[in-house]
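Colleague:
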Amino acid sequence: MQMEYIGAYLRFKREQQHKDAGALCLSCNLTRMQLHSIEQGKSEAHPNTIKRICDYLNIDFIALFQHQEKYRELLEESFIALIYMRKDEQQMLMQKIEALHFEHSILYPQYLLIHLMYVAIHEGAVEKYQSLLKQCSYFIDVLEPRHQFIYYLYKGYYQMLSGQLEESLHTLCFADGLSVLEHREILYSMYGRLYYYRREIVLAIEYYKKAYELLEKKWNINRLLATQCALAACYNRMKEYDVALQRLMDTLKLAKQYKNTAVIERTYYEIVMNRFMVRDYHSVIQLGEKAITIHHQPQYLYFLISYASVKENEMEKAYLWLKQRLKQDTNALLQQLLTYVYHMAQGTSVLPYLVELIQQLEKNQMDTCELYRFLLEDLANLYHDAGCYQKESYCLRKLMQTGY
4 MQMEYIGAYL RFKREQQHKD AGALCLSCNL TRMQLHSIEQ GKSEAHPNTI KRICDYLNID
64 FIALFQHQEK YRELLEESFI ALIYMRKDEQ QMLMQKIEAL HFEHSILYPQ YLLIHLMYVA
124 IHEGAVEKYQ SLLKQCSYFI DVLEPRHQFI YYLYKGYYQM LSGQLEESLH TLCFADGLSV
184 LEHREILYSM YGRLYYYRRE IVLAIEYYKK AYELLEKKWN INRLLATQCA LAACYNRMKE
244 YDVALQRLMD TLKLAKQYKN TAVIERTYYE IVMNRFMVRD YHSVIQLGEK AITIHHQPQY
304 LYFLISYASV KENEMEKAYL WLKQRLKQDT NALLQQLLTY VYHMAQGTSV LPYLVELIQQ
364 LEKNQMDTCE LYRFLLEDLA NLYHDAGCYQ KESYCLRKLM QTGY
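When we follow this note's numbering, the leftmost residue of the sequence shown carries the number 4, and every step to the right adds one.
1. Would a C-beta distance cut-off of 8 Å place Y74 and L110 closer than the cut-off?
2. Quick one: measure Cβ to Cβ for R240 and I274, integer angstroms, because I've assumed they're closer than 8 Å.
3. For C391, which residues from the same chain have a beta carbon less than 6 Å from its beta carbon, with the 5 sequence-adjacent residues on both sides left out?
4. Using the beta-carbon count (16 or more within 10 Å), is C31 buried or exposed?
5. Among the residues of its own chain, which have a CB less than 7 Å from the CB of A214, if the five just before and after it don't count?
6. Return the CA-CA distance between E292 and V313, expressed in angstroms with no decimal places.
7. For M88 and D253, what's the separation of their Cα atoms in angstroms?
8. Excluding the five sequence neighbours on either side, which residues of its own chain have a C-beta within less than 7 Å of the C-beta of E185, listed in chain order?
9. Would you check if the distance between the CB atom of L378 and the CB atom of L360 is smaller than 8 Å?
10. Using 8 Å as the threshold, is the C-beta distance between L136 and L116 below it?
11. Using beta-carbon positions only, say whether L67 and H107 come within less than 8 Å of one another.
12. Compute the Euclidean distance between the alpha carbons of M97 and Q338, then round it to the nearest angstrom.
13. For the alpha helix (DSSP H) containing A48, name the first residue and the last one.
14. Helix, strand or coil, according to DSSP, for R187 in the structure here?
15. Taking the alpha helix (DSSP H) that I408 belongs to, which residues open and close that run?
16. Let me check understanding here. Comparing Cα to Cα, which of Q113, V353, Y121, E7 lies closest to E92?
17. When the Cα atoms are used, what is the spatial distance from E216 to Y238?
18. Starting from K73 and walking both ways along the alpha helix (DSSP H), at which residues does that stretch end?
19. Count the other C-beta atoms from every protein chain shown that fall within 10 angstroms of the C-beta of M36, then say buried if there are 16 or more, exposed otherwise.
20. CB-CB under 7 Å to Y154, same chain, minus the five flanking residues each way: which ones, in chain order?
21. Quick check on C176: buried or exposed, where buried means 16 or more other Cβ atoms within 10 Å of its Cβ?
22. Could you spell out the range, first to last residue, of the alpha helix (DSSP H) harbouring M241?
23. Count the other C-beta atoms from every protein chain shown that fall within 10 angstroms of the C-beta of L181, then say buried if there are 16 or more, exposed otherwise.
24. Kindly provide the ranges of any beta strand (DSSP E) runs that are 3 or more residues long and lie completely inside the stretch 173–257, ordered along the chain.
25. Can you have a look at S352 and say buried or exposed, based on whether 16 or more other CB atoms are within 10 angstroms of its CB?
26. Cα separation between M4 and T371?
27. Answer yes or no: do Y114 and L78 have a C-beta to C-beta separation smaller than 8 Å?
28. Kindly indicate which three-state DSSP category Y141 falls into: helix, strand or coil?
29. Look at the alpha carbon of K45 and the alpha carbon of L251, and state the distance between them as a whole number of angstroms.
30. What would DSSP say about F64, mapped onto helix, strand or coil?
31. Excluding sequence positions up to five away, which residues of its chain have a Cβ less than 6 Å from the Cβ of Q289?
32. Taking Cβ positions, are F409 and A311 nearer each other than 8 Å?
33. Taking the alpha carbon of Y210 as the reference point, which residue from W222, D179, H285 has its own alpha carbon closest?
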């Protein structure tokens, strides 16, 4: 019997059901030491003993071991689809997997890892992601090394999304230390994203380039395109706008060719941001309106388009976008951004709104560094026009600190 799997599974189910270890020992005629040894997978136990524990925990003993070969094949197929970012294939395989009720199988740890990867890639639901990470942690010691490696990569990714950048770095370094040679392109991509969030752009570019080389060798087109887009975003952040734009246009062309909608969405957003940062408002409106029709999570596109519309004196268009989003969106930061544009359009004093907005953006520079820098320029200009040169000087010093 695969005691390491069985033991971890039984411990997980017992703790999930809040069953006391002592009560289980009494019911199944076991000592605490014996139960601990079984749950740790350190000793072989008689099948009858395992069955008694399963009965106590309402687990179907026979179902645990059924269809293992078929299940392994399906899980491996799903794992490869997730590694290669084959979206349609992933969704089809996940539907098959969910129909098989893996929670009753000894292969539940592998299923949890696949589910974790799927949620991270497709759903991004933080609470669900956190719950799956916690469940996976019960089984980390029984997963094979390449699966342990992937677990730590996605744990680091979760910490990144939660703003825990130092913790994420430690987790990724731990994964790096596992000396697993497979899937290192994903590790390098994760490092790239982390350093991008930390605004250490030279390091981000270095790691993205390492990832790109490996992905190219493996012909992992979907991750390759995502990495190409991420590299362009780095050049955007370095204010190398012409270099970034050329890379983005090349990425968009290839993403359309390979019908990669996720990369098309991200690339359009980065192109709009690129044009916004150089204050090409006509292109922002033109490209932004196209981007918004295909983007399932428009992020700050509504702000970019409405701001550009005001600057181009297309007030009707600006009010149309503001009306659509001001009452609907639950994102507090986006609400503040749109409120700022509304007061711009109204011609009222925007200074108090802008000061408050910049304070909020300062707290969240991981994702909004470009907007922070852009609006800080606006604030410096407002202070200059008002003759507040000390405050203007303070804004300019802040701007210099955000440079690369």
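C-beta atoms are modelled at their ideal positions from N, C-alpha and C, and glycine is treated no differently.
All figures in this text were calculated on a predicted structure; none of them were measured in a lab.
Modeller: Well, looking at it:
1. yes
2. That pair is no contact at about 14 Å.
3. none
4. buried
5. Excluding its 5 nearest sequence neighbours in each direction, A214 has C-beta neighbours in its own chain below 7 Å: E188, Y191, S192, G195, T230, listed in chain order.
6. 15 Å
7. 20 Å
8. R149
9. yes
10. no
11. yes
12. 36 Å
13. Run containing A48: none; DSSP gives neither H nor E here.
14. Three-state DSSP puts R187 in a helix.
15. Limits of the chain in this structure are 4 at one end and 407 at the other, which puts residue 408 out of reach.
16. Y121
17. Taking the straight line from one Cα to the other gives about 18 Å.
18. 71–86
19. exposed
20. L116, C139, I143, L146
21. exposed
22. No alpha helix (DSSP H) contains M241, which DSSP labels as neither H nor E.
23. exposed
24. none
25. exposed
26. Any reading at M4 must be qualified, since the residue scores a pLDDT of 48, below 50, and its modelled position is unreliable; the value itself is stated next. The C-alpha of T371 is placed about 52 Å away from the C-alpha of M4.
27. yes
28. coil
29. 53 Å
30. coil
31. none
32. This structure cannot speak to residue 409, because the chain is shown only from 4 to 407.
33. D179
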